[in-house]
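Residue numbers (the numbering used here), protein chains in the order written: chain A, 1 to 237; chain B, 1001 to 1237. All residues carry an ideal CB built from backbone N, CA and C; glycine is no exception.
Number of protein chains: 2
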Amino acid sequence: MPKTTKKRPLYSTIYKQLRSKIFNGSFLPGEMLPSESHLCTEFHASRETVRKGLKELESEGLIYSRPKIGYFVCTPRHSDFTVNFTEYFEGCTTQYKDIHGTLPDERVQKALDISPSQVVIEFEQLTINPDGAIIAYSKKYLPYERAHPSVENELNYAVFPDITLPKMDTYSMYTSIRISAVAADEKLADTMQCDIGEPLLLIERFFIQQDDCLAGYALFYVKQPYGQLNGMSGHRL
Amino acid sequence: MPKTTKKRPLYSTIYKQLRSKIFNGSFLPGEMLPSESHLCTEFHASRETVRKGLKELESEGLIYSRPKIGYFVCTPRHSDFTVNFTEYFEGCTTQYKDIHGTLPDERVQKALDISPSQVVIEFEQLTINPDGAIIAYSKKYLPYERAHPSVENELNYAVFPDITLPKMDTYSMYTSIRISAVAADEKLADTMQCDIGEPLLLIERFFIQQDDCLAGYALFYVKQPYGQLNGMSGHRL
DNA sequence: GAGTGGTCTAGACCACATG
DNA sequence: ATGTGGTCTAGACCACTCT
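Right under this line is the structure:
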């Protein structure tokens, strides 16, 4: 029972010790760490082993290296947040409201960067909680005439994420998001069964292919306090 | 002029080639990559060099390794977004409205996990754009009786991020965030000079010390369409 | 010139997976 | 038994910075 502290590899020990020195303030942001060779002697390790520990800290965003000079502690960014958003709500059902081709309004034209005469496919759906109350409403738009039929399936994934989020298994596109607050207008209030003027959280998403083509645009309106977004920033431990 | 392709280190070439095979679909999510030794012979590289290339892909979240089995392509997560939020708005000024001790209302009690009798310090400020219009209003709360005077300065950083964001240079705390939409009530409409019922984006932040103590709570109301939040998800290139 | 990090190699031993 | 990834070493050469 004496030395059960034997599993941890050496590079990980180096990583952990340096890491805690950063968190307890022994190394402050901007300061330089001991050189690789110093760490080699301090930890009785080879240089590559030391470098492996440092690499972990670097990947984690805690340090960076200035070649030929040394390693430095990063200044933490408290303004970048990781936010999780899915259209899926615990215990809720999704109801497809309408699917049809249409001409884009101005907002959709801008979002998809298309002309007013370019037909788009519009998908509408509602998210309904177990009590039967509508908590979210989404509209999604795809350009109709598309050159790449191979992308069809992926677009379906993008459009039906509730069905396919776990299967959205391609690197062919990425997403950008915009979060804002809007008041329900007459039409929204009607379809979402809420009051006119009621504040809604609006989450817009742009589906962008790696070739920079815009492949889809989605509007997601959420009743409050349902569907608030949560996120984290900074480093823990 | 023939071979100017000479600067790139070998491990980086390995990384880039595997990466593009992931992005063009040669390797699909869930699939296994060639083994390290295969890659060694394919690229005429030593094992550690191959591993270095693989490590890059792993750090980037494109692949993961199942020890003793092989490397696999990750399934991309299209539901995690990186969002940037600062209280600073281009060209805007900040006006301190009020600073005083007070008893917390229910919301603040919950946020800071304190009792109703625990005094808190309340900071209020307004963000004003060049035209003189109010575009944001924030309220921040700090528990008054604090055990760690050494944290004082950091709290000031947390409370006055406009002054100190670039100096918020500690790993002693991290932040959690909540985004929602609210309607301006009478009081908000008054201080923000907007209509009652006008939709506002509300960004709440919780400042949490590494020892899990709650060090601060901030409410940030933003008029629309100012201060929308933008984010990204997925991998580009 | 001494010190730094960046790259790369050719081994080695291990624990575990699979057949 | 073979193949896999995980760890580790002791060198090596380079290009650069600092003084």
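#1: Please name the residues in the segment 1082–1105 of chain B whose beta-carbon is closer than 7 Å to at least one beta-carbon of chain A, in chain order.
#2: So Ser20(A) contacts chain B; which residues on that side make the cut at Cβ distance below 9 Å?
#3: So, helix, strand or coil for Ala45(A), using DSSP?
#4: With three or more C-beta pairs closer than 8 Å as the rule, is the segment 1042–1049 of chain B touching the segment 1192–1200 of chain B?
#5: Measuring only between beta-carbons, confirm whether Arg1236(B) sits less than 8 Å from chain A.
#6: Assuming Ala1136(B) contacts Tyr1221(B) under a Cβ cut-off of 8 Å, what Cβ separation, rounded to an integer in Å, is found between them?
#7: Look up Ile121(A) in the DSSP assignment and give the residues it is bridged to.
#8: Is the CB of Met1232(B) under 8 Å away from at least one CB in chain A?
#9: Can you tell me which of the three DSSP states Gly53(A) falls into?
#10: Which residues does DSSP pair with Phe81(A) in a beta bridge?
#11: In the segment 1036–1070 of chain B, which residues sit with their C-beta less than 8 Å from some C-beta in chain A, listed in chain order?
#12: Note down, in chain order, all residues in the segment 1210–1221 of chain B with a beta-carbon under 9 Å from any beta-carbon belonging to chain A.
#13: Please tell me whether Glu122(A) and Tyr141(A) are closer than 8 Å, where the distance is taken between their beta carbons.
#14: Indicate whether the contact test is met: 3 or more Cβ pairs, each with one atom in the segment 1103–1121 of chain B and one in the segment 1052–1064 of chain B, closer than 8 Å.
#15: Helix, strand or coil for Leu1028(B), going by three-state DSSP, please let me know.
#16: Against chain A, does Arg1008(B) count as a neighbour if the rule is that its beta carbon must be under 8 Å from one of theirs?
#17: At which residues does the beta strand (DSSP E) containing Ala215(A) begin and terminate?
#18: Looking at the unbroken beta strand (DSSP E) that takes in Leu1202(B), where does it start and where does it end?
#19: List, in chain order, every chain B residue whose beta-carbon is nearer than 7 Å to that of Tyr171(A).
#20: Which of helix, strand or coil does DSSP assign to Phe1089(B)?
#21: Using Cβ-Cβ distances below 8 Å, what residues of the segment 179–204 of chain A are close to chain B?
#22: Start and end of the alpha helix (DSSP H) containing Ile114(A)?
#23: Can you give me the C-alpha to C-alpha distance between Tyr1226(B) and Lys1187(B), rounded to a whole angstrom?
#24: Can you confirm whether Asp113(A), when its beta carbon is compared against all beta carbons of chain B, has any partner nearer than 8 Å?
#25: Please list the partners that Gln1228(B) has in chain A, where partner means a Cβ-to-Cβ separation under 7 Å.
#26: Count the other CB atoms, across all protein chains shown, that sit within 10 Å of the CB of Ile69(A); report buried if there are 16 or more and exposed otherwise.
#27: Shorter than 8 Å from the beta carbon of Pro1034(B) to some beta carbon of chain A?
#28: For Pro1143(B), collect the residues of the same chain with a Cβ closer than 7 Å to its Cβ; drop the 5 residues on either side in sequence, then sort them by chain order.
#29: Since Ser1233(B) and Thr175(A) are thought to touch, with beta carbons under 8 Å apart, how far apart are those beta carbons, to the nearest angstrom?
#30: How many Å lie between Glu58(A) and Thr1094(B) at the Cα?
#31: Using 8 Å as the threshold, is the C-beta distance between Met1173(B) and Gln1209(B) below it?
#32: Would a check of beta-carbon distances place Tyr974(B) closer than 8 Å to chain A?
#33: Let me confirm a value: Thr1041(B) is counted as buried when at least 16 other C-beta atoms fall within 10 Å, else exposed. Which label applies?
#34: In whole angstroms, what separates the C-alpha of Asp1212(B) from that of Gly231(A)?
#35: Taking a contact to mean a Cβ-Cβ separation below 8 Å, would you say Thr75(A) touches Pro29(A) in this structure?
#36: Helix, strand or coil for Ser37(A) per DSSP?
In short:
#1: Taking 7 Å as the Cβ-Cβ cut-off against chain A, the residues of the segment 1082–1105 of chain B that qualify are Thr1082, Val1083, Asn1084, Phe1085 and Thr1086.
#2: Looking up residue 20(A) in the first sequence gives position 20. Per Cβ cutoff of 9 Å: no residues; Ser20(A) is ~10 Å from chain B at best.
#3: Here residue 45(A) is taken as the residue at index 45 of the first sequence, counted from 1. DSSP places Ala45(A) in coil when its eight states are reduced to three.
#4: The segment 1192–1200 of chain B, when compared against the segment 1042–1049 of chain B, does not touch it at the 8 Å Cβ threshold.
#5: As a working note, residue 1236(B) is residue 236 in the second sequence. At least one CB atom of chain A sits nearer than 8 Å to the CB of Arg1236(B).
#6: Taking the second sequence and counting its residues from 1, one reaches residue 1136(B) at position 136. Taking the second sequence and counting its residues from 1, one reaches residue 1221(B) at position 221. Yes, they are in contact, since the Cβ atoms of Ala1136(B) and Tyr1221(B) sit about 6 Å apart, within 8 Å.
#7: For this step, residue 121(A) is matched to residue 121 along the first sequence. When beta bridges are read from the DSSP output, Ile121(A) appears opposite Gly101(A) and Leu142(A).
#8: Within the second sequence, numbered from 1, the residue matching residue 1232(B) stands at position 232. Taking Cβ atoms only, chain A reaches closer than 8 Å to Met1232(B), which makes this a yes.
#9: For the purposes of this step, residue 53(A) is taken as residue 53 along the first sequence, with counting starting at 1. In the structure shown, Gly53(A) sits in a helix (DSSP, three-state: H, G or I).
#10: Reading the first sequence from its first residue, position 81 is the one you call residue 81(A). Paired residues: Val1083(B).
#11: Within the segment 1036–1070 of chain B, the residues whose Cβ lies closer than 8 Å to some Cβ of chain A are Glu1048, Lys1055, Ser1059 and Leu1062, listed in chain order.
#12: Within the segment 1210–1221 of chain B, the qualifying residues are Gln1210.
#13: Taking the first sequence and counting its residues from 1, the one referred to as residue 122(A) is at position 122. Taking the first sequence and counting its residues from 1, the one referred to as residue 141(A) is at position 141. Against a cut-off of 8 Å, the Cβ pair of Tyr141(A) and Glu122(A) comes out as a contact.
#14: No contact exists between the segment 1103–1121 of chain B and the segment 1052–1064 of chain B.
#15: Within the second sequence, residue 1028(B) is the residue found at index 28, counting from 1. Three-state DSSP puts Leu1028(B) in coil, outside helix and strand.
#16: Locating residue 1008(B) in the second sequence gives position 8, counting from the first residue. By this cut-off, Arg1008(B) is not an interface position.
#17: For this step, residue 215(A) is matched to residue 215 along the first sequence. Run containing Ala215(A): Leu214 to Lys223, per the beta strand (DSSP E) assignment.
#18: Numbered from its first residue, the second sequence carries residue 1202(B) at position 202. That run of the beta strand (DSSP E) goes Pro1199 to Gln1209.
#19: Mapped onto the first sequence, residue 171(A) falls at position 171. In chain order: Ile1022, Phe1023, Pro1076 and His1235.
#20: As a first step, residue 1089(B) must be located in the second sequence, where it is residue number 89. Correct three-state label for Phe1089(B): coil.
#21: Listed by position along the chain: Ile179, Ser180, Ala181, Val182, Ala183, Gly197, Glu198, Pro199, Leu200, Leu201 and Leu202.
#22: Mapped onto the first sequence, residue 114(A) falls at position 114. Judged by DSSP secondary structure, Ile114(A) falls outside any alpha helix (DSSP H); it is assigned neither H nor E.
#23: Residue 1226(B) sits at position 226 when you count from the first residue of the second sequence. Residue 1187(B) sits at position 187 when you count from the first residue of the second sequence. Whole-angstrom Cα-Cα distance: 20 Å.
#24: As a working note, residue 113(A) is residue 113 in the first sequence. No, its Cβ sits nowhere closer than 8 Å to a Cβ of chain B.
#25: As a position in the second sequence, residue 1228(B) is number 228, starting the count at 1. Neighbours of Gln1228(B) on chain A, chain order: Arg178, Ile179 and Ser180.
#26: Looking up residue 69(A) in the first sequence gives position 69. With fewer than 16 other CB atoms across the displayed protein chains lying within 10 angstroms of its CB, Ile69(A) is exposed.
#27: Here the question's residue 1034(B) lines up with position 34 in the second sequence. No, because no Cβ of chain A sits closer than 8 Å to the Cβ of Pro1034(B).
#28: Residue numbering aside, residue 1143(B) sits at position 143 when the second sequence is read from its first letter. Short of 7 Å from the beta carbon of Pro1143(B), and not among the five residues preceding or following it, lie these beta carbons of its own chain, in chain order: Leu1112, Ile1114, Gln1118 and Val1120.
#29: Taking the first residue of the second sequence as position 1, residue 1233(B) is located at position 233. Taking the first residue of the first sequence as position 1, residue 175(A) is located at position 175. The pair is a contact, with the Cβ atoms about 4 Å apart (cut-off 8 Å).
#30: Residue numbering aside, residue 58(A) sits at position 58 when the first sequence is read from its first letter. Residue numbering aside, residue 1094(B) sits at position 94 when the second sequence is read from its first letter. Our two residues, Glu58(A) and Thr1094(B), have alpha carbons roughly 35 Å apart in a direct line.
#31: Locating residue 1173(B) in the second sequence gives position 173, counting from the first residue. Locating residue 1209(B) in the second sequence gives position 209, counting from the first residue. Yes. Within cutoff.
#32: This structure does not reach residue 974(B), given that chain B is present from 1001 up to 1237, and the question cannot be answered.
#33: In the second sequence, residue 1041(B) corresponds to position 41, counting from 1. Counting the other Cβ atoms within 10 Å of the Cβ of Thr1041(B) gives fewer than 16, which makes it exposed.
#34: The residue labelled residue 1212(B) in the question sits at position 212 within the second sequence. The residue labelled residue 231(A) in the question sits at position 231 within the first sequence. Near 17 Å, if we compare the C-alpha coordinates of Gly231(A) and Asp1212(B).
#35: The sequence position of residue 75(A) within the first sequence is 75, counting from 1. The sequence position of residue 29(A) within the first sequence is 29, counting from 1. At the C-beta level, Thr75(A) and Pro29(A) come within 8 Å of one another.
#36: Translated into the one-based positions of the first sequence, residue 37(A) becomes position 37. DSSP places Ser37(A) in helix when its eight states are reduced to three.
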